[in-house]
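Q: Protein chains in written order, with the numbering used here: chain A, 1210 to 1323; chain B, 10 to 125.
1. State the start and end residues of the unbroken beta strand (DSSP E) segment that holds residue 1279 (chain A).
2. Quick one: is residue 1242 (chain A) near chain B, going by C-beta distance under 8 Å?
3. Is the segment 20-37 of chain B in contact with the segment 82-95 of chain B, if contact means three or more CB pairs nearer than 8 Å?
4. Quick one: is residue 70 (chain B) near chain A, going by C-beta distance under 8 Å?
5. In whole angstroms, what is the alpha-carbon distance linking residue 1241 (chain A) and residue 1304 (chain A)?
6. Is the separation between the beta-carbon of residue 1308 (chain A) and that of residue 1232 (chain A) shorter than 8 Å?
7. Going by beta-carbon coordinates alone, are residue 1246 (chain A) and residue 1228 (chain A) separated by less than 8 Å?
8. At a cut of 8 Å, does the segment 1248-1262 of chain A reach the segment 108-124 of chain B through at least three beta carbon pairs?
9. Among A:1230, A:1287, A:1297, which one has its Cα closest to the Cα of residue 1271 (chain A)?
10. Just how far apart, CA to CA, sit residue 66 (chain B) and residue 46 (chain B)?
11. Could you tell me the boundaries of the beta strand (DSSP E) in which residue 1232 (chain A) lies?
12. Any beta carbon from chain B within less than 8 Å of residue 1307 (chain A)'s own beta carbon?
13. Return the residue from the list B:43, B:38, B:53, B:44 that minimises the CA-CA distance to residue 104 (chain B).
14. Under 8 Å, do residue 1279 (chain A) and residue 54 (chain B) count as touching if we go by C-beta distance?
15. If you measure beta-carbon to beta-carbon, which residues of the segment 1235-1259 of chain A are closer than 7 Å to chain B?
16. At a Cβ threshold of 8 Å, is residue 99 (chain B) touching chain A?
17. Find out if the Cβ-Cβ distance for the pair residue 1277 (chain A), residue 1243 (chain A) is shorter than 8 Å.
18. Name the chain A residues whose beta carbon is nearer than 9 Å to that of residue 57 (chain B)?
19. Cβ closer than 9 Å: which chain B residues qualify as neighbours of residue 1304 (chain A)?
20. Pick out whichever of A:1239, A:1322, A:1285 has its Cα sitting closest to the Cα of residue 1264 (chain A).
21. Looking only at DSSP bridge pairs, what is residue 1302 (chain A) linked to?
22. Residues of chain B with CB closer than 9 Å to the CB of residue 1294 (chain A), please, in chain order.
23. DSSP on residue 12 (chain B), reduced to helix/strand/coil?
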């Protein structure tokens, strides 16, 4: 079975600085998708960024980028120029290419210090 | 921007009672999902639904749970006889058909279910 591990329960970053959230996963599949979701205090799950495993190039969405290391099964999220609105719970998630189920990690709570 | 709408936002029910959680997916979406998040824990898959039938379900989704799309717009999750451990945030999600690639779901804001 696929598992997703987020080893940092909490992280803190100074406003305008950069922070990296870690995620590792375990799978025997060669084709899959990886995601980072943000869950602010409103509790809604918001898609931040996605990565297709067959693509070597790391995904980027404005201030958010990933470091995808397929061999190491690592998928970290870098947030540049952190803003107060980035404070939230961040979940890493995995989906194999076939099927629809997302498997989530336990989350990392990010605090942003003004 | 289109949204997935869930009602109610918070529901309190007595143990043993039936509860129905309601969702209105985005109108052109074809695939529907329920997830739950017990407080302080990770988000867990419950069930996926396509073409008026369940396409995948987890071991959590036992005989106490059922899903329905009664009228072509609403998507409901029914818990027949609630237990204390059913207390959680329940998220509905949907997506449209995207051909070869998967672009992720749109989640609703969740229904907090409290069983007392």
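Yeah, the Cβ is synthetic: ideal placement off N, Cα and C, and Gly gets one too.
Small disclaimer: the values here were computed from a predicted structure and weren't measured.
A: Put simply:
1. Translated into positions along the first chain, residue 1279 (chain A) becomes position 70. Taken as a continuous stretch (DSSP letters only), residue 1279 (chain A) belongs to no beta strand (DSSP E), as it is neither H nor E.
2. As a first step, residue 1242 (chain A) is located in the first chain; it is residue number 33 there, counting from the start. So, interface residue.
3. Under the 8 Å Cβ criterion, the segment 20-37 of chain B counts as touching the segment 82-95 of chain B, having at least three qualifying pairs.
4. For this step, residue 70 (chain B) is matched to residue 61 along the second chain. Under the Cβ distance rule, residue 70 (chain B) does not count among the residues neighbouring chain A, no pair being separated by less than 8 Å.
5. For the purposes of this step, residue 1241 (chain A) is taken as residue 32 along the first chain, with counting starting at 1. For the purposes of this step, residue 1304 (chain A) is taken as residue 95 along the first chain, with counting starting at 1. Each residue's alpha carbon lies about 6 Å from the other.
6. As a working note, residue 1308 (chain A) is residue 99 in the first chain. As a working note, residue 1232 (chain A) is residue 23 in the first chain. Annotated as distal: residue 1308 (chain A) and residue 1232 (chain A), with beta-carbon spacing of 8 Å or more.
7. Along the first chain, read from residue 1 onward, the residue named residue 1246 (chain A) stands at position 37. Along the first chain, read from residue 1 onward, the residue named residue 1228 (chain A) stands at position 19. If you check the CB distance, residue 1246 (chain A) and residue 1228 (chain A) do not come in under 8 Å.
8. Put simply, the segment 1248-1262 of chain A touches the segment 108-124 of chain B. At least three CB pairs are less than 8 Å apart.
9. Mapped onto the first chain, residue 1271 (chain A) falls at position 62. The residue among A:1230, A:1287, A:1297 with its C-alpha nearest the C-alpha of residue 1271 (chain A) is A:1287.
10. Working through the second chain from its first residue, we reach residue 66 (chain B) at position 57. Working through the second chain from its first residue, we reach residue 46 (chain B) at position 37. Near 16 Å, if we compare the C-alpha coordinates of residue 46 (chain B) and residue 66 (chain B).
11. The residue you call residue 1232 (chain A) lines up with position 23 of the first chain. Where residue 1232 (chain A) is concerned, there is no enclosing beta strand (DSSP E), given that its DSSP letter is neither H nor E.
12. Residue numbering aside, residue 1307 (chain A) sits at position 98 when the first chain is read from its first letter. Not one chain B Cβ lies under 8 Å of residue 1307 (chain A).
13. Taking the second chain and counting its residues from 1, the one referred to as residue 104 (chain B) is at position 95. Residue 104 (chain B) has its Cα closest to that of B:38, out of B:43, B:38, B:53, B:44.
14. Locating residue 1279 (chain A) in the first chain gives position 70, where the first residue counts as 1. Locating residue 54 (chain B) in the second chain gives position 45, where the first residue counts as 1. No Cβ-Cβ contact shorter than 8 Å links residue 1279 (chain A) with residue 54 (chain B).
15. From the segment 1235-1259 of chain A, only 1242, 1244, 1251, 1252, 1253, 1254, 1256, 1259 have a Cβ closer than 7 Å to chain B.
16. The residue you call residue 99 (chain B) lines up with position 90 of the second chain. So no, residue 99 (chain B) is outside the interface.
17. Position 68 of the first chain, counting from 1, holds the residue named residue 1277 (chain A). Position 34 of the first chain, counting from 1, holds the residue named residue 1243 (chain A). Yes.
18. What you label residue 57 (chain B) is simply residue 48 of the second chain in a count that begins at 1. Residues of chain A passing the Cβ test: 1308, 1309, 1310.
19. As a first step, residue 1304 (chain A) is located in the first chain; it is residue number 95 there, counting from the start. Within 9 Å Cβ-Cβ: 111, 113.
20. In the first chain, residue 1264 (chain A) corresponds to position 55, counting from 1. Out of A:1239, A:1322, A:1285, A:1239 has the C-alpha closest to the C-alpha of residue 1264 (chain A).
21. To locate residue 1302 (chain A), count along the first chain from 1; it is residue 93. According to DSSP, residue 1302 (chain A) shares a beta bridge with A:1244, A:1313.
22. On the first chain, residue 1294 (chain A) is found 85 positions in, with the first residue counted as 1. Ordered by position in chain B, no residue passes the 9 Å Cβ test against residue 1294 (chain A), which lies about 17 Å from the chain.
23. The residue labelled residue 12 (chain B) in the question sits at position 3 within the second chain. The answer is coil: DSSP assigns residue 12 (chain B) none of H, G, I, E or B.
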